[in-house]
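Enquirer: Using the working numbering, you'd call the opening residue of the sequence shown number 4 and step up by one each time.
Idealized CB from N, CA, C, for every residue including glycine.
Since we're looking at a predicted model, the values are computed, not measured.
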Amino acid sequence: MTLVYFYQLILALLGLVLLIKGADFFVESASAIAKKLQIPEFIIGFTIIALGTSLPEFGSNIYSSAIGHDDFIVGNIIGSNLFNLLAVLGICSLMFRVYISPRTLFIDWTFSLILSVLLMILIYGFALTSNQSGFLSRADGLVLIFLFIGFYIYIIRTSKKDLPVENEKFSAKSNTWNILSLIGGLAALLLGSKLAVDGLKDLSGLIGISQHTTAVILLAGGTSLPELSTAYAAFKNNKGNMAVGSIIGSNIINIGLILGISVLIHPTIVLKEYFNDLSFLIVGTTLPLIVLIFMYASQKKTGKLPYISIALGTVMMVLFLTFLYSNINEFLGL
């Protein structure tokens with residue numbers, strides 16, 4: 004039995020590595036091809052950075068939808084969004100000054116909150132508590148997708164168009180390498196998705212961990228590693244605004260696009276346990292937003308940008324740890 008545990012663990016870890024590295028190759032090669040085609044930098048950033056860091060979630064969710072694995076479809080998204088917002092920004096705020104632009108605060112972050120609240124309503128209605136399972140239909144998936152598309156169009160139209168990048172000279176060798184990297188990255192992403200989902204599903208069954216907890220903690224944490232590494236690198240290189248934008252953007256993509264497509268493929272039963280997880284997500288999105296809005300209002304005359312202070316970052320980390328603790332009994336199989 005020990006060998007079976009070890010085998011499934013190795014498969015799951017290998018799958019997560021392939022997910023993350025496949026996403027890296029896909030993003031790098033897609034970015035190079037986009038530059039060659041003179042696609043504006045804003046479009047590259049908005050689509051490739053935010054969507055690229057969400058590719059592990061996309062891969063694992065689409066595969067979960069294809070095999071009808073309901074727990075992983077919703078749990079991966081909720082857990083990833085909690086990890087991105089509370090853990091990644093919380094950790095970064097302890098090391099860097101995390102400034103939030105007014106646009107990110109009032110448009111991106113607010114829209115992320117709207118999507119989270121809407122998701123709760125679509126699943127459970129307007130109930131303050133849930134004693135029964137909810138459901139996401141294909142119609143719900145279409146609503147999420149259309150909202151994402153509308154938001155995307157709004158962002159494109161209201162943002163200043165970047166000038167096209169200079170037409171860089173690419174050799175035939177570099178063109179071939181970019182295309183091969185794109186295909187190879189996508190293949191690794193698909194294979195990693197299968198290995199990670201199957202490995203974690205079988206492992207949770209063997210050692211008695213609920214698939215709900217496996218989805219919101221193990222799978223979500225693993226697929227969110229690109230956001231953490233990307234955010235740290237961006238802050239370290241004084242590109243904090245890009246880091247914050249990509250994190251909030253990834254959360255929007257996770258619910259609006261990835262979950263929308265997943266539900267379109269496979270209408271999903273949502274267990275009552277996810278009500279608490281969604282509540283954590285809504286509170287975790289709302290609390291920092293309110294604090295930052297008050298900070299913005301009080302500093303508006305000075306022209307200073309609001310930022311996630313060490314105190315606020317600590318509160319965000321405590322919220323995330325509380326979320327983990329709420330699932331720890333299931334996680335340990337107690």
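Rounded to the nearest angstrom, what separates Ile13 and Ala236 at their Cα positions?
Expert: Their Cα atoms are separated by approximately 28 angstroms.
Enquirer: I'd like to check one pair, Asn87 with Ser253: are the Cβ atoms closer than 8 angstroms?
Expert: For Ser253 and Asn87, yes; Cβs fall inside 8 angstroms.
Enquirer: Taking the continuous beta strand (DSSP E) assigned at Ile272, which residues delimit it?
Expert: Residues Thr271 to Val273.
Enquirer: Ignoring anything shorter than 3 residues or poking outside the region 171–253, list the beta strand (DSSP E) runs there in chain order.
Expert: Counting whole runs of 3 or more residues, the region 171–253 contains no beta strand (DSSP E) stretch at all.
Enquirer: How long is the line joining the alpha carbons of Ile342 and Lys307, rounded to whole angstroms?
Expert: With the chain covering 4 to 337 only, the question about residue 342 has no answer from this structure.
Enquirer: Whole-angstrom Cβ separation of Gly287 and Leu89, contact assumed at under 8 angstroms?
Expert: Sure, about 5 angstroms apart at Cβ, within 8 angstroms.
Enquirer: Quick one: complete beta strand (DSSP E) runs, 3+ long, within the region 116–152?
Expert: Whole beta strand (DSSP E) segments, 3+ residues: 137–139.
Enquirer: Who are Ile311's beta bridge partners in DSSP?
Expert: Answer is Val101.
Enquirer: Within a Cβ cutoff of 7 angstroms, which residues of the same chain sit near Glu230, ignoring the five residues on either side of it in sequence?
Expert: So the list reads Thr56, Asn87, Val91, Ile250 and Ser253, once near-sequence residues are dropped.
Enquirer: Compute the Euclidean distance between the alpha carbons of Leu194 and Leu324, then round it to the nearest angstrom.
Expert: If I take the Cα positions, the gap works out to 31 angstroms.
Enquirer: Would you mind sorting Ile257 into buried or exposed? The rule is 16 or more other CB atoms within 10 Å of its CB.
Expert: Checking the sequence, you will find Asn at residue 257 rather than Ile. It counts as buried.
Enquirer: In terms of residues, what are the limits of the alpha helix (DSSP H) holding Val266?
Expert: Taken as a continuous stretch (DSSP letters only), the alpha helix (DSSP H) holding Val266 covers Gly263 to Ile268.
Enquirer: In three-state terms, what does DSSP make of Gly78?
Expert: Gly78 falls in the helix class under three-state DSSP.
Enquirer: Classify Gly259 as helix, strand or coil using the three-state DSSP reduction.
Expert: If DSSP states are grouped into helix, strand and coil, Gly259 belongs with the helices.
Enquirer: In chain order, what residues of the same chain lie with their CB nearer than 8 angstroms to the CB of Leu116, ignoring the 5 residues before and after it?
Expert: Hits under 8 angstroms: Ile285, Thr288, Thr289 and Leu292.
Enquirer: Over what stretch of residues does the alpha helix (DSSP H) that includes Ala90 continue unbroken?
Expert: Per DSSP, Ala90 belongs to no alpha helix (DSSP H) and is neither H nor E.
Enquirer: By DSSP, does Tyr62 sit in helix, in strand, or in coil?
Expert: Tyr is not the amino acid found at residue 62; the sequence shown has Gly there. Looking at Gly62 - three-state DSSP - the assignment turns out to be helix.
Enquirer: Would you say Phe326 and Ala191 are within 8 angstroms of each other, going by their C-beta atoms?
Expert: In this structure, Ala191 does not lie closer than 8 angstroms to Phe326 by Cβ.
Enquirer: Note down, in chain order, each residue of its chain lying with its Cβ closer than 7 angstroms to the Cβ of Val101, except the 5 sequence neighbours on either side.
Expert: Here the set comprises Leu92, Cys95, Gly243, Val247, Tyr310 and Ile311.
Enquirer: Give the straight-line distance between the Cα atoms of Ala218 and Ala199, rounded to the nearest whole angstrom.
Expert: If I take the Cα positions, the gap works out to 11 angstroms.
Enquirer: How long is the line joining the alpha carbons of Val343 and Leu222, rounded to whole angstroms?
Expert: Look at the range of the chain in this structure, 4 to 337, and you will see that residue 343 is not part of it.
Enquirer: Is Thr271 closer than 8 angstroms to Val77 when the C-beta atoms are compared?
Expert: The answer is yes: Cβ separation under 8 angstroms.
Enquirer: Alpha carbon to alpha carbon, how far is Lys303 from Ile65?
Expert: Those two C-alpha atoms are separated by around 44 angstroms.
Enquirer: Leaving out the 5 sequence neighbours to the left and right, which residues in its chain are closer than 6 angstroms to Gly137 when beta-carbon positions are compared?
Expert: The answer, listed in chain order, is Ile126, Tyr127 and Val273.
Enquirer: Taking the alpha carbon of Ile264 as the point to measure from, which residue in Leu19, Leu16, Gly316 and Gly62 has its own alpha carbon closest?
Expert: The option with the nearest alpha carbon to Ile264 is Gly62.
Enquirer: For Leu203, which of Lys24, His72 and Leu54 has the nearest alpha-carbon?
Expert: The option with the nearest alpha carbon to Leu203 is His72.
Enquirer: DSSP on Asp165, reduced to helix/strand/coil?
Expert: Its pLDDT being 46, under 50, Asp165 is placed unreliably by the model, and the measurement read from it follows with that caveat. Asp165: coil per DSSP, three-state reduction.
Enquirer: Can you check whether the CB of Leu108 is closer than 8 angstroms to the CB of Leu295?
Expert: In contact: Leu295 and Leu108 (Cβ atoms closer than 8 angstroms).
Enquirer: Please report the distance separating the alpha-carbon of Asn134 from that of Ile81.
Expert: So the alpha carbons of these two residues sit roughly 19 angstroms apart.
Enquirer: Got a sec? Which residues, its chain only, sit under 6 angstroms from Ile331 by beta carbon, not counting five neighbours each side?
Expert: For Ile331, where only same-chain residues beyond five positions count, there are no Cβ hits under 6 angstroms.
Enquirer: State the Cα-Cα distance for the pair Ser140 and Phe114, rounded to the nearest angstrom.
Expert: Near 22 angstroms, if we compare the C-alpha coordinates of Phe114 and Ser140.
Enquirer: Determine, using beta carbons only, whether Leu281 and Leu122 come nearer to each other than 8 angstroms.
Expert: In this structure, Leu122 lies closer than 8 angstroms to Leu281 by Cβ.
Enquirer: Sort Met319, Leu22 and Ile268 by Cα distance to Lys197 and report the nearest one.
Expert: The shortest Cα separation from Lys197 among Met319, Leu22 and Ile268 belongs to Leu22.
Enquirer: Using a threshold of 8 angstroms, state whether the C-beta atoms of Ala35 and Asn181 are closer than that.
Expert: Cβ distance < 8 angstroms, so Ala35 and Asn181 count as in contact.
Enquirer: If you compare alpha carbons, which of Val318, Gly18 and Leu262 is closest to Leu150?
Expert: Comparing Cα positions, the closest option is Leu262.
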